[in-house]
Amino acid sequence: MTKLIQNINEMKQTIKTLKQQNKKIGFVPTMGYLHKGHLSLVECSKKKNDITVVSIFVNPTQFGENEDFDKYPRDLERDLKLCEEAGVDYVFAPKVYEIYPEGYSTYVIMETLTDKLCGKYRPGHFKGVLTVVNKLFNIVQPDNAYFGEKDYQQLIIIKKMVEDLNMNVNVVGCPIIREEDGLAMSSRNKYLSEEERKSALSLSKALFLAKELFEKGETNPQKIKEEMRKLILSYPLVKEIQYIEIVDPKTLEEKQKVEKGDRVLLAVFVGDTRLIDNIEL
Ligand code: AMP
């Protein structure tokens with residue numbers, strides 16, 4: 000049975016009891032509207048831990064003023080059912096006022112890594128992410144926490160926070176789960192119309208093309224990016240390419256010459272929906 004907990008103190012009490020029983024705790028933080036990408040993280044957690052906790056919290060502090068906080072898809076009942084089927088032990092779904100009570104004023108700021116890629120276009124986003132993940136780690140006190148490579152920059156930044164702040168949690172990155180045609184699964188795919196869904200394929204197609212070009216011997220990032228750009232813009236409902244970058248997988252610095260293990264990342268607007276994806280070369 001999956002138990003739903005919405006109150007911070009109850010979650011903490013539950014964790015305390017589990018720790019006294021020497022249970023190993025795996026944690027999957029999410030914003031809900033769960034899909035197979037999220038559930039793959041649950042599967043990873045269940046293999047290595049006695050107890051799996053999934054949090055469902057649409058975190059207001061990581062959304063910009065003109066972003067989709069209000070219309071972000073939410074369906075707790077559906078999520079609970081999926082968690083039940085996946086064998087999740089606890090769903091922690093706090094209310095916004097529990098996490099950010101009136102007068103809340105403490106935030107986690109990272110001085111590197113957060114200004115690049117998505118951070119450049121979403122100022123304050125990673126401050127919100129790091130703050131909420133830090134708070135969730137303090138509440139759930141997991142031994143292992145699972146994050147998707149889908150949000151690659153987020154994964155790297157969280158690993159760095161844990162290292163910088165000597166936090167007692169092991170951060171595990173898990174591979175991107177895709178639809179059969181290649182589209183990376185995302186709660187935001189729900190926003191796409193039938194026609195937009197077709198143009199959304201441009202992201203994964205471009206990433207697969209980058210990998211193919213690299214494997215054929217191309218090491219000039221400009222050439223790879225130019226081919227990707229052409230392919231993406233050939234899809235009718237692509238409104239804007241926000242960025243395409245080929246970076247070092249740890250420092251996220253742009254590469255002058257592409258090497259094996261580098262990461263290609265991109266953000267593209269299909270209609271009004273901002274989609275991100277990435278691939279390892
Ligand atoms: P979100 O609910 O979008 O904040 O995502 C919660 C967690 O699930 C994050 O660690 C994401 O990186 C991960 N995630 C989202 N989509 C996917 C996917 N398609 N494959 C793997 N992990 C994913």
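Under numbering that gives the first Met the number 0, the letters of the sequence shown match residues 0 to 280, in that order.
Glycine residues also receive a C-beta, built at the ideal position from the N, C-alpha and C atoms.
Counted within 10 angstroms of its Cβ, other Cβ atoms place residue i as buried (16 or more) or exposed
{"i": "glutamate 148", "result": "buried"}
{"i": "glutamate 193", "result": "exposed"}
{"i": "proline 220", "result": "buried"}
{"i": "isoleucine 50", "result": "buried"}
{"i": "asparagine 167", "result": "exposed"}
{"i": "valine 57", "result": "buried"}
{"i": "arginine 121", "result": "buried"}
{"i": "glutamine 140", "result": "buried"}
{"i": "threonine 250", "result": "exposed"}
{"i": "arginine 262", "result": "buried"}
{"i": "aspartate 247", "result": "exposed"}
{"i": "lysine 80", "result": "exposed"}
{"i": "glutamate 195", "result": "buried"}
{"i": "glycine 31", "result": "buried"}
{"i": "glutamine 152", "result": "buried"}
{"i": "tyrosine 89", "result": "buried"}
{"i": "aspartate 69", "result": "exposed"}
{"i": "proline 100", "result": "exposed"}
{"i": "aspartate 276", "result": "buried"}
Reference residue i; option with closest CA among the options
{"i": "glutamine 145", "options": "Ser44, Gln20, Phe68 and Glu244", "result": "Looking at the sequence itself, residue 145 is tyrosine, so the reference to glutamine does not match. Comparing Cα-Cα distances from tyrosine 145 to each of Ser44, Gln20, Phe68 and Glu244, the minimum goes to Ser44."}
{"i": "aspartate 180", "options": "Gly172, Leu164, Ser198 and Asn219", "result": "Ser198"}
{"i": "proline 28", "options": "Leu230, Ile138 and Asn21", "result": "Ile138"}
{"i": "proline 59", "options": "Leu75, Phe26, Ile98 and Tyr32", "result": "Ile98"}
{"i": "serine 233", "options": "Tyr71, Gln140, Lys215 and Lys204", "result": "Lys204"}
{"i": "leucine 283", "options": "Arg273, Lys2, Asn133 and Lys80", "result": "No information on residue 283 is available, as it lies outside the stretch 0 to 280 that the chain covers here."}
{"i": "glutamate 279", "options": "Glu239, Val267, Gly270 and Leu212", "result": "Leu212"}
{"i": "asparagine 143", "options": "Asn169, Lys119 and Leu154", "result": "Asn169"}
{"i": "isoleucine 245", "options": "Leu230, Asp114, Leu265 and Phe125", "result": "Leu265"}
{"i": "lysine 35", "options": "Ile240, Lys222, Asp261 and Ile176", "result": "Ile176"}
{"i": "aspartate 67", "options": "Pro235, Glu225, Tyr190 and Phe207", "result": "Tyr190"}
{"i": "leucine 182", "options": "Lys158, Phe207 and Lys159", "result": "Phe207"}
{"i": "leucine 3", "options": "Gln153, Cys82, Leu135 and Leu40", "result": "Cys82"}
{"i": "glycine 25", "options": "Gln152, Val171, Val128 and Glu195", "result": "Val171"}
{"i": "glycine 270", "options": "Leu79, Ala209 and Asn188", "result": "Asn188"}
{"i": "leucine 38", "options": "Lys210, Glu253, Cys173 and Glu258", "result": "Cys173"}
{"i": "glutamate 84", "options": "Val41, Leu230, Asn165 and Tyr242", "result": "Val41"}
Boundaries (first-last residue) of the beta strand (DSSP E) holding residue i
{"i": "glycine 127", "result": "It is not in any beta strand (DSSP E) - glycine 127 instead sits in the alpha helix (DSSP H) that spans 124 to 139."}
{"i": "valine 168", "result": "It is not in any beta strand (DSSP E) - valine 168 carries neither H nor E in the DSSP assignment."}
{"i": "valine 161", "result": "That residue, valine 161, is in no beta strand (DSSP E); its alpha helix (DSSP H) goes 151 to 163."}
{"i": "glutamate 279", "result": "272 to 279"}
{"i": "asparagine 143", "result": "143 to 147"}
{"i": "lysine 189", "result": "Here lysine 189 belongs to no beta strand (DSSP E), and DSSP marks it neither H nor E."}
{"i": "leucine 3", "result": "2 to 4"}
Residue i: first and last residue of the uninterrupted alpha helix (DSSP H) it sits in
{"i": "glycine 206", "result": "Checking the sequence, you will find leucine at residue 206 rather than glycine. That run of the alpha helix (DSSP H) goes 200 to 214."}
{"i": "arginine 73", "result": "Note, arginine 73: premise wrong, no alpha helix (DSSP H); not H, not E."}
Any non-hydrogen atom of the ligand PLP closer than 8 Å to residue i Cβ
{"i": "glutamate 76", "result": "Ligands displayed in this structure: the ligand AMP; the ligand PLP is not among them."}
DSSP bridge partner residues for residue i (one or two, in chain order)
{"i": "isoleucine 176", "result": "Per DSSP, none; premise fails for isoleucine 176."}
{"i": "leucine 264", "result": "Glu244 and Asn277"}
**Request:** Output the residue ranges of the beta strand (DSSP E) runs that lie fully inside the segment 9 to 61 and measure 3 residues or longer, sorted by chain position.
**Result:** Fully enclosed beta strand (DSSP E) runs of 3 or longer: 24 to 29 and 50 to 55.
**Message:** Suppose only complete runs of 4+ residues qualify. What are the alpha helix (DSSP H) ranges in the segment 222 to 262, listed by chain order?
**Reply:** Counting only runs of 4 or more, we get nothing.
**Prompt:** Can you list, in chain order, the stretches of the alpha helix (DSSP H) that have 4 or more residues and sit fully within the segment 75 to 121?
**Reply:** Counting whole runs of 4 or more residues, the segment 75 to 121 contains the alpha helix (DSSP H) stretches 75 to 85, 95 to 98 and 116 to 120.
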